[in-house]
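Trainee: 528 is the number of the first residue of the sequence shown in my numbering; add one for each residue after it. Glycine included, each C-beta is placed from N, C-alpha and C at the ideal position. Below are the C-alpha cells for one structure; questions will follow.
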Amino acid sequence: MSTSPATSVSDSRYFQPNFLEKVKIIVHLTGLRHKNTVLEKCILASKKNRRISLIKTRATKREQHCNIEHLKDRNQQNWVHFVGVGGCGLSALALIAVKQGFEVSGSDRKWSSFMDGLQQAGVRLHIGHSTLNIQSENGSRFPNCIVVSSAISEDNAEVLHAKSIGITVYKRDYWLAKLTENHKLIAVSGTHGKSTTSALLAYVLKSMGDDLMAVVGAYVSQFPGGNVIWGDGPHFVLEADEYDGCFLGLSPYIAVLTNVEWEHVDFFQDEEAVKTFFRRFLKRIRVGGHLIICGDDVGARSLLDYTSEGSKPEHASGTMLVTSSDVDGYNIITYGISSTNEWHASSICPNSKGGSDYVLCHKGQPLANISLQIPGAHNVLNSLAVIATVTVLLQGQRQVHELINSLKLHLLDFIGLSRRFERIGKIHRCHIYDDYAHHPTEVYFVLQAARQRFPSMRLVVVFQPHTYSRLAALKDNFAVALSHADHVVVTAVYSVREAGPRNVCGKDLATSIISSPSEYIPSLDDVVDKLALEICKDPLREIVILTLGAGDVNTVGPKLLHELQKRLCIT
C-alpha cells in the first residue's frame, strides 16, 4: 500500500469545515465527563455536517442524499468504520468503540493478528478497501463517521467515497484526542521504548488496583484485551506516537519521554525536525502536570533548554519547574543510570531469570532492590520511567516506601510483549527469538540483551530492513549495530508505504558489515532453508537465532522451528 507524503496534525483536509470549533462549543456548554459522550457528540455533529453537505450537492447526488437521510434517526446505534483496522493503533480504538456501545466495522489490505480479537468482539471486518465496505448490504445505511490510520493514503477508495457523500473522516490523532481529553492522560512518548514502557506502566497500575484505560502499540499477553485495558477510572495510559504528528492533539497530565533521535525518515527530514515535534508535544502538557524524562539521553535532554526559554536548566536535583509562553508550569522529573537523575539505577547485573537486577535510588539514596524478567539495559531505563510515573500518580494515596514495595512485585511479574525479544521456541540447543527492532539503536540494544541472556552462545541475526528510506539514511549505523552479532543474514527490504526511487537494497547493507561475517539472502523462505541446513549439521551446538525487523521477518522463526522439528524427527 503506497501512501502520499505525510501531513502535519494541523492539516484539516480530512475534516469538515469548522468542525473543531463546533466540538469545542459542545464540550464547553455541556461539561461532558463520561468517557464516550464526547465521541457521541462528535458523531451527532458529523450527522449535521453530512446533511448540510448533501443539501449542497442534491442536484447531482439525489439518490445518495435519500440514503443518508436515514441516519437522522438518533435512536439508531451509531456506526463507526475504521480504515486500516489491522494495525496495532487503530485496532485498539476499534475495540474501545465496541466497548463504548458503537456499531463497529473496519477494513485493511490483509488480515492481521489484531483482527482476531476484533472479530471475536463482533466487529465486521473486510479484507481490501472498497466503497461497498462503508454501506449496509442493501445500501440504505452508511457509517456516521470513519476513522483513518496514518498509513492510509488520501486516495483510498473508502476515504474518497466517504468525503463525496458527506461522511466525516477523522484522522487517528483527532479521535485519540477526543477519547482521552476527559481523563488524566499519561502519554508515553519517545523514539524507542514506548510500547514496553506503556505496557509495563499499565500492567503495574492495573495490578495495583487502578481501574485505568490503556492503549499500547503491541500485543501484551498479560492484557485481557491484547493491546487494550478497559476501565472506568480517571487514568488513561497511552503510547503516544510521533509519526505524522499523531501526539500533537493530546493534552497529557503526565508525559513520559524515553529518548529522542532521528527516526521515521520518510516523515522527518532530520533530527532537528524530530525535536521540533517533540517540543510542540511538551507544550501540550497540562498546567500543573509532569514531564518524566530520561536524563541520560542527549536528544531528550536537549529539549529542556528550549522548554525553559533558552536558560539551561539545572536538572542535577531531578525536579524543576518550567514555564513558557504556552505552559504556566509543570514539574520535570529525570530518571536514568547516571546518579545526576532524581531516580536512578545502580549495581546493575544479570539475574537467574534472564533479566536484570539493580538497586533503585532516589536523589542518591538507595530505596530498594529491583528485579526484572525482561533483559537489557534499555529495560532497566523503561522500568525507572514506570517507577517515577507511578510515584507521581499515586503519591497522595500511599507512602513512597509502600508504593515501591508494591511496585517491586509487579515489575518482576511482567513478562514482556509480543515481538520484543520474544521467545519463539527451542529445539535441542537452538534458541529462536524475534524482535521488532528496525532502527540501529534498537538493534544494538536487543543484541546486548541477547548477549546478556546467552553470554556464551553463537548469535546469528536475520535482519529485514524496513523501508528503503530508513535503510538509505541509516545504513552505516545499521552496519555498526549488526556487527555485534557472530553472523548476519540480511534479507530484501520490507516496504509497503513507499513509492519512489529505490537506490539502496539489502545487499548494500550486507556488504557494509565488516566486523562480522554477513550474507544477503533476499527470500525469507530461502533463509529458513539455509538456517535449517546449517543447524541440522550440528544439532547439539549452542546457538541463538534472532530475527529482527518491523515487517514479516517474524514468520521466519516459527517456520524454522517447524522445519527443524520435521528434519530432526521431533514431535
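If you draw a straight line from the C-alpha of Leu622 to the C-alpha of Phe795, how long is it?
Mentor: Approximately 30 Å, taken between the alpha carbons.
Trainee: State the Cα-Cα distance for the pair Asp824 and Ala782, rounded to the nearest angstrom.
Mentor: 16 Å
Trainee: If Val1099 sits next to Arg997, beta carbons under 8 Å apart, how far is it from one beta carbon to the other, in whole angstroms?
Mentor: Residue 1099 lies beyond the residue range present for the chain, which begins at 528 and ends at 1098; the question has no answer from this structure.
Trainee: Indicate the three-state DSSP secondary structure (helix, strand or coil) for Glu685 in the structure shown.
Mentor: helix
Trainee: Are the segment 616 to 634 and the segment 691 to 709 touching by the rule of at least three beta carbon pairs closer than 8 Å?
Mentor: yes
Trainee: Are at least three pairs of beta-carbons, each pair with one atom in the segment 709 to 726 and one in the segment 907 to 915, less than 8 Å apart?
Mentor: yes
Trainee: Tell me the rounded alpha-carbon separation between Val610 and Ile875.
Mentor: 45 Å
Trainee: Return the chain-ordered ranges of every beta strand (DSSP E) run that is complete within the segment 680 to 737 and spans a minimum of 3 residues.
Mentor: Listed in chain order, the beta strand (DSSP E) runs fully inside the segment 680 to 737 are 695 to 698 and 711 to 716, counting runs of at least 3 residues.
Trainee: Between the Cα of Val686 and the Cα atoms of Asn660, Lys711 and Asn665, which residue gives the shortest distance?
Mentor: Ranked by Cα distance from Val686, the options Asn660, Lys711 and Asn665 are led by Asn660.
Trainee: Looking at C-beta atoms only, is the number of pairs between the segment 809 to 821 and the segment 744 to 759 that lie closer than 8 Å three or more?
Mentor: no
Trainee: Compute the beta-carbon to beta-carbon distance between Lys802 and Leu830, rounded to the nearest angstrom, for a pair I have assumed lies under 8 Å.
Mentor: 6 Å
Trainee: Could you tell me the distance, in whole angstroms, from the CA atom of Ala964 to the CA atom of Pro992?
Mentor: 10 Å
Trainee: Can you check whether the CB of Leu1091 is closer than 9 Å to the CB of Ala1059?
Mentor: Using a Cβ distance threshold of 9 Å, Ala1059 and Leu1091 count as a contacting pair.
Trainee: What did DSSP end up calling Tyr995 once you bin it into helix, strand or coil?
Mentor: helix
Trainee: May I ask you to verify whether the segment 936 to 945 touches the segment 973 to 981, counting CB pairs closer than 8 Å and requiring at least 3?
Mentor: Inter-segment contact for the segment 936 to 945 and the segment 973 to 981 is absent: fewer than three beta-carbon pairs are separated by less than 8 Å.
Trainee: In the DSSP output, what is Phe609 paired with across the bridge?
Mentor: Gly633 and Val674
Trainee: Short of 8 Å in beta carbon distance, which residues of its chain neighbour Lys953, apart from the five on each side in sequence? Order them along the chain.
Mentor: Ile959
Trainee: Three or more beta-carbon pairs under 8 Å between the segment 1045 to 1061 and the segment 1013 to 1026, yes or no?
Mentor: Contact between the segment 1045 to 1061 and the segment 1013 to 1026 is established, with three or more Cβ pairs separated by less than 8 Å.
Trainee: Within the chosen definition, does the segment 686 to 703 reach the segment 661 to 671 through at least 3 CB pairs nearer than 8 Å?
Mentor: The segment 686 to 703 and the segment 661 to 671 touch, with no fewer than 3 CB-CB distances between them shorter than 8 Å.
Trainee: Near Ile1040, what residues of its chain come up, given a Cβ to Cβ distance below 7 Å and the 5 sequence neighbours on each side ignored?
Mentor: Excluding sequence neighbours, Ile1040 sits near Ala1006, Leu1009, Ser1010 and Val1015.
Trainee: Mapping the DSSP letters down to three states, classify Tyr862 as helix, strand or coil.
Mentor: Three-state DSSP puts Tyr862 in a strand.
Trainee: What residue from Leu936, Arg947 and Val1083 has the CA that sits closest to Leu504's CA?
Mentor: Within the shown structure, residues of the chain are numbered from 528 to 1098, placing residue 504 beyond reach of any answer.
Trainee: Just list the residues that DSSP pairs Leu522 with in beta bridges.
Mentor: Only positions 528 to 1098 of the chain appear in the structure, and residue 522 is not among them; the question remains open.
Trainee: Does DSSP put His1089 in a helix, a strand or coil?
Mentor: Correct three-state label for His1089: helix.
Trainee: Please report the straight-line C-alpha distance between Leu930 and Leu728, rounded to a whole angstrom.
Mentor: 14 Å
Trainee: Can you check the segment 911 to 968 for any beta strand (DSSP E) of at least 3 residues that lies completely inside it and give the ranges in chain order?
Mentor: 949 to 954 and 957 to 962
Trainee: Looking at Thr861: is its Cβ nearer than 9 Å to the Cβ of Cys821?
Mentor: yes
Trainee: Within 8 Å, do at least three Cβ pairs link the segment 677 to 686 to the segment 754 to 765?
Mentor: no
Trainee: Short of 6 Å in beta carbon distance, which residues of its chain neighbour Arg1068, apart from the five on each side in sequence? Order them along the chain.
Mentor: Apart from sequence neighbours up to five positions away, no residue of its chain approaches Arg1068 with a beta-carbon distance below 6 Å.
Trainee: On the three-state DSSP scale, how would you describe His905?
Mentor: helix
Trainee: What does DSSP give as the partner residues of Trp870 in its beta bridges?
Mentor: Tyr862 and His889
Trainee: Taking all protein chains shown into account, do 16 or more other C-beta atoms lie within 10 angstroms of the C-beta of His928, making it buried, or fewer, making it exposed?
Mentor: exposed
Trainee: Assuming Ser1045 is part of the beta strand (DSSP E), what are its boundary residues?
Mentor: Ser1045 to Tyr1047
Trainee: Starting from Glu790, trace the alpha helix (DSSP H) in both directions and tell me its first and last residue.
Mentor: First-last for Glu790: undefined, no H or E at that position.
Trainee: Which of helix, strand or coil does DSSP assign to Asn896?
Mentor: strand
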